[in-house]
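Each number in this note's numbering corresponds to the 1-based position in the sequence shown with 15 added.
Below is one structure, written out as structure tokens; comments come after it.
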Amino acid sequence: SIAIHNLADADLIQSVYTQVHSVLADGGCFFNLDYLRGTDALVNDVGRWATTDLEGVWRAPSSQRRSGREQNREPRAEVSPQQPRGLGEQLSWLRAAGFEPVECFWKEFQTALFGGFKGTVVVPEER
């Protein structure tokens, strides 16, 4: 989790999704918890404001604060054209790799859990 975005290049990320799909067994699933870019400048600004404390220091998303992994961060540089943009783009890459259905299961500003399924997935009737 929170690793694939470090590839930064859209083609490399799409390649990872394709490779994961190729080695995943029929009925399997792939989930990625990672950072995303917002697709709207206003939403990005609100997200940056909501995850910054009164001193202007970046705060980790609530899930990281609860586990004690809070850290300070420098403001991010502008996004290059090759860096992943947003959830819709990520979901389209998963579909192109062969995952279906694909879905976002959780999202908090620019952090999301998303993924998809391969082949015939059987959901157990009982827990």
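Here a beta-carbon is modelled for each residue, glycine too, at the ideal position from N, C-alpha and C.
Just tell me which of the options has its CA closest to the CA of residue i.
{"i": "Ala127", "options": "Ala40, Ser30 and Phe46", "result": "Phe46"}
{"i": "Trp125", "options": "Val61, Tyr50 and Val137", "result": "The question names Trp, but residue 125 is Gln in the sequence shown. Per the Cα distances, Tyr50."}
{"i": "Ile17", "options": "Val38, Leu48 and Leu69", "result": "Leu48"}
{"i": "Asp26", "options": "Ala65, Asn59, Glu104 and Thr67", "result": "Glu104"}
Looking only at its chain, what residues have a beta carbon closer than 6 Å to the beta carbon of residue i, apart from the 5 residues adjacent to it on each side?
{"i": "Leu106", "result": "Val117"}
{"i": "Cys119", "result": "Leu102, Ala127 and Phe129"}
For residue i, which residues in the same chain have their Cβ closer than 7 Å to its Cβ, ignoring the five residues on either side in sequence?
{"i": "Ala92", "result": "With a pLDDT of 46 at Ala92, under the threshold of 50, the modelled position of that residue is not reliable, and no figure is offered here."}
{"i": "Ile28", "result": "Ile19, Leu22, Pro99 and Trp108"}
Between which two residues does the alpha helix (DSSP H) containing residue i stretch?
{"i": "Val103", "result": "In the sequence as presented, Val is not what sits at residue 103; that position holds Gly. First-last of the alpha helix (DSSP H) with Gly103: Leu102 to Ala112."}
{"i": "Gly62", "result": "Ala56 to Ala65"}
Hey, residue i and residue j are a contact pair by Cβ (cut 8 Å); roughly how many whole angstroms apart?
{"i": "Gly131", "j": "Glu115", "result": "6 Å"}
{"i": "Gly101", "j": "Arg63", "result": "Not confirmed; about 15 Å, so no contact."}
{"i": "Asn122", "j": "Leu39", "result": "Correcting the residue type first, residue 122 is Lys in the shown sequence and not Asn. Between Leu39 and Lys122 the Cβ distance is about 23 Å, and since that is not below 8 Å, they are no contact."}
Quick one: residues in its chain with C-beta nearer than 8 Å to the C-beta of residue i, no 5 flanking neighbours on either side, listed in chain order?
{"i": "Val137", "result": "Gly42"}
{"i": "Val35", "result": "Phe45 and Ala112"}
{"i": "Arg110", "result": "Val117 and Gly131"}
{"i": "Thr135", "result": "Asp41 and Gly42"}
{"i": "Ala65", "result": "Phe124"}
{"i": "Pro139", "result": "none"}
Between which two residues does the beta strand (DSSP E) carrying residue i extend?
{"i": "Leu48", "result": "Cys44 to Tyr50"}
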